[in-house]
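Numbering (UniProt numbering), first residue to last: 1 to 107. Yeah, the Cβ is synthetic: ideal placement off N, Cα and C, and Gly gets one too. Quick caveat, the model's predicted, so the values are computed rather than measured. Reviewing the structure listed below.
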């Protein structure tokens, strides 16, 4: 954690941009389809077709959700020929996701 992040966390007041980004992150994690996609990508880099096949989703659904996650900088992609491979772009969010999953599984 750098000094700027530490100062924000220790501050009594959060600025509007920080509040917005934090709320958008939780919005991303509030959708079961996005959770499934993020969980899969936390395990391995995957193409849209691989994600659609493994999660039994339509390719258009996967593409739509990946666009949402990419705009929030939660996932990134690399191009290999004509195929895009997606991976996690923010390990902090995967930590949040794993904590939420652990909480859900805890008795």
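Check your understanding: beta strand (DSSP E) containing residue 76: first to last residue?
Key -> 75 to 80
According to DSSP, what are the bridge partners of residue 88? 75
task: Report yes if the C-beta of residue 82 is less than 6 Å from at least one heavy atom of the ligand GTP; otherwise report no.
output: This structure does not include the ligand GTP; it has no bound ligands of any sort.
Judging by CA-CA distance, which residue of 24, 50 and 13 is the nearest neighbour of residue 36?
Across the set 24, 50 and 13, the C-alpha of 50 shows the shortest separation from the C-alpha of residue 36.
Cβ neighbours of residue 105 in the same chain (closer than 7 Å, five flanking residues each side left out)
none
Endpoints, the alpha helix (DSSP H) within which residue 19 is located
16 to 28
Start-to-end residues for the alpha helix (DSSP H) that takes in residue 50:
48 to 55
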